[in-house]
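Please read the structure below before turning to the comments.
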Amino acid sequence: MPFYGGEELATVYDEALDEGFGLIASNIAEPNIMMGLMEGADRMDSDLLLQMSGGACRFAGDGDAVAGLKAMGNYIETIAERYDIGVFLNMDHQTDLEFIEQQIELDIPSSIMIDASHEPFDENVETSREVVEMVEAAGSDVLIEAELGQIKGVEDEIEAEEAFYTDPEQAVEFVDKTGADLLAISVGTQHGVAKGKDLELRPDLAQDIRQALRDHGLDTPLVLHGSSGVQPDQLQEMLKHGICKVNKDTRYQYEYTRTAYDRYNEEPNAIVPPEGVEDARDTFFNETDWSPNKDVFDPRVAGRDIRERIADVHADLTEVSGSAGQSLFK
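For the sequence shown, this note's numbering begins at 14 and goes up steadily by one.
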């Protein structure tokens, strides 16, 4: 079925809050990861939230972010029709207001994350509120996610050296003033590879933020960014406290490259000439006895492996996050 808009996504978040599970929000920039994610989600009867950053859109559009969004939006919709799950698209870490306005006009994404978390509180409120007002003025059902507090690391060329925990009372003020539908909070996670780093996760802080919002009549779904290094037991603890959306990007990037590497490393002589044979790639080895093996180097071979591996990884993550078996669109 075609991928859905913000109204349907809001019902998934409502269910997630009631049942205590989270959607794994999975970043994509090209089709192989996207198709693997759909296969894994369908296998586990889990609704699927895809994500694209501005950089991913530019990559898909050969430098043109709008072209990339249109191309991937059409691709997602066409492939999603094959599956009996809900498929959604969130625009991740958006900072360009002009591009955000174009996204709303195109009515492609289900939700948009405005990231002004690097700005002082008042400026963050002002920018986030401006995006909410864009949606309201357009009469759109696109959901708006905003972020309060900075998460250490690099995400789509935005770098933060220091991590700032989200203050619960400030979170209440922020949601009240911006009207944001979802709130990304900083509770000790880090963007990127987390090996050897003390994540200093604060599930107690997530609980305090959730309770402060509810005390003020705000049942706002919370978002956990920078979760690639978070272990299953840590994630499940977070999900007890209103976390309904968990971002994954770096893990899929690694699995993509590692899977291709493993495939090619199994038969290196099928791709690279052995010692003593001229590496005459410009003439495609026309004058050598050796030639590469298309059964190995055809990109579709590694591409299928990548899709299968991504499907397996995402299937496992849906079990960890509790979204397996929870699709509202079967």
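Just so you know, even glycine gets a beta-carbon here, dropped at the ideal spot from N, CA and C.
**Where V167 sits in the DSSP three-state scheme** = For this step, residue 167 is matched to residue 154 along the sequence shown. Bear in mind that a pLDDT of 47 at V167, under 50, signals an unreliable position, so the number given afterwards is only what the model happens to contain. It is a strand residue.
**Message:** Could you check whether P245 and V333 sit closer than 7 Å to each other, using their CB atoms as the reference points?
**Reply:** Locating residue 333 in the sequence shown gives position 320, where the first residue counts as 1. Locating residue 245 in the sequence shown gives position 232, where the first residue counts as 1. Their beta carbons are under 7 Å apart, which means V333 touches P245 by this criterion.
**Message:** Within the continuous beta strand (DSSP E) that includes Y117, where are the two ends?
**Reply:** For the purposes of this step, residue 117 is taken as the residue at position 104 of the sequence shown. Sequence check: residue 117 is Ile here, not Tyr. Under the DSSP assignment, I117 falls outside any beta strand (DSSP E), being part of the alpha helix (DSSP H) whose first and last residues are 110–119.
**Item:** Residues sharing a beta bridge with F101, DSSP
**Value:** In the sequence shown, counting from the first residue as 1, residue 101 sits at position 88. Partner(s): L62.
**Message:** Need the endpoints of the beta strand (DSSP E) that E43 sits in, please.
**Reply:** Taking the first residue of the sequence shown as position 1, residue 43 is located at position 30. No beta strand (DSSP E) contains E43, which DSSP labels as neither H nor E.
**Prompt:** Distance, Cα to Cα, C70 vs G289?
**Reply:** Here the question's residue 70 lines up with position 57 in the sequence shown. Here the question's residue 289 lines up with position 276 in the sequence shown. When rounded, the distance between both Cα atoms is 43 Å.
**Request:** Excluding the 5 residues preceding and the 5 following G18 in the sequence, name in chain order all residues of the same chain whose CB lies nearer than 6 Å to its CB.
**Result:** Your numbering for residue 18 matches position 5 in the sequence shown. So the qualifying residues of the chain are S123, D154.
**Message:** Tell me which residues share the same chain as Q115 and place their Cβ nearer than 7 Å to its Cβ, disregarding the 5 neighbours each side in the sequence.
**Reply:** As a first step, residue 115 is located in the sequence shown; it is residue number 102 there, counting from the start. Excluding sequence positions up to five before and after Q115, its CB lies within less than 7 Å of the CB of V79, all in the same chain and listed in chain order.
**Asked** By Cβ distance below 6 Å, which residues in the same chain neighbour T7 in space, the five residues on each side in sequence not counted?
**Response** Residue 7 is absent from the model: the chain starts at 14 and stops at 343.
**Message:** Please tell me whether L226 and V185 are closer than 7 Å, where the distance is taken between their beta carbons.
**Reply:** As a working note, residue 226 is residue 213 in the sequence shown. As a working note, residue 185 is residue 172 in the sequence shown. Taking 7 Å as the Cβ cut-off, L226 and V185 qualify as a contacting pair.
**Prompt:** Beta carbon of A93, beta carbon of F177: below 7 Å?
**Reply:** Your numbering for residue 93 matches position 80 in the sequence shown. Your numbering for residue 177 matches position 164 in the sequence shown. No; because the gap between Cβ atoms is not below 7 Å, this pair is not in contact.
**Beta carbon of V188 nearer than 7 Å to that of L231** = As a working note, residue 188 is residue 175 in the sequence shown. As a working note, residue 231 is residue 218 in the sequence shown. Contact flag set, yes.
**Request:** Report yes if the CB atom of L161 is closer than 7 Å to the CB atom of T179, and no otherwise.
**Result:** Residue 161 sits at position 148 when you count from the first residue of the sequence shown. Residue 179 sits at position 166 when you count from the first residue of the sequence shown. Yes, the Cβ-Cβ distance between L161 and T179 is below 7 Å.
**Message:** I need the DSSP call for Q107, collapsed to helix, strand or coil.
**Reply:** Mapped onto the sequence shown, residue 107 falls at position 94. If DSSP states are grouped into helix, strand and coil, Q107 belongs with the strands.
**Prompt:** Going straight from the alpha carbon of F101 to that of W303, what length do you get?
**Reply:** On the sequence shown, residue 101 is found 88 positions in, with the first residue counted as 1. On the sequence shown, residue 303 is found 290 positions in, with the first residue counted as 1. Straight-line spacing of the CA atoms in F101 and W303 works out to 48 Å.
**Prompt:** Hey, would you say D97 sits closer than 7 Å to Q64, going by beta carbons?
**Reply:** Position 84 of the sequence shown holds residue 97. Position 51 of the sequence shown holds residue 64. Not in contact: D97 and Q64 (Cβ atoms no closer than 7 Å).
**Message:** Using only CA atoms, which one of N40, F34, L82 lies nearest to S59?
**Reply:** The sequence position of residue 59 within the sequence shown is 46, counting from 1. Taking S59 as reference, the option from N40, F34, L82 with the minimal CA-CA separation is F34.
**One or two residues paired with I157 in a DSSP bridge** = What you label residue 157 is simply residue 144 of the sequence shown in a count that begins at 1. Answer by DSSP bridge pairing, in chain order: I125.
**Item:** Proximity of P234 and Y26 at Cβ, strictly below 7 Å
**Value:** As a first step, residue 234 must be located in the sequence shown, where it is residue number 221. As a first step, residue 26 must be located in the sequence shown, where it is residue number 13. Yes. Within cutoff.
**Asked** So, using beta-carbon positions, are A159 and T191 closer together than 7 Å?
**Response** Counting from 1 along the sequence shown, the entry for residue 159 is found at position 146. Counting from 1 along the sequence shown, the entry for residue 191 is found at position 178. It is a contact, given that the beta carbons lie within the stated cut-off.
**Counterpart residues of V236 in DSSP-defined beta bridges** = Taking the first residue of the sequence shown as position 1, residue 236 is located at position 223. As computed with DSSP, V236 is found in a beta bridge with A197, K258.
**Request:** Report the three-state DSSP secondary structure of E218 (helix, strand or coil).
**Result:** Here residue 218 corresponds to residue number 205 of the sequence shown, with the count starting at 1. This sequence places Leu at residue 218; Glu is not what is there. Three-state result, L218: helix.
**Asked** Helix, strand or coil: how does DSSP classify L330 here?
**Response** Along the sequence shown, one-based indexing puts residue 330 at 317. DSSP places L330 in helix when its eight states are reduced to three.
**Message:** Is the separation between the beta-carbon of T331 and that of M57 shorter than 7 Å?
**Reply:** Mapped onto the sequence shown, residue 331 falls at position 318. Mapped onto the sequence shown, residue 57 falls at position 44. Taking 7 Å as the Cβ cut-off, T331 and M57 qualify as a contacting pair.
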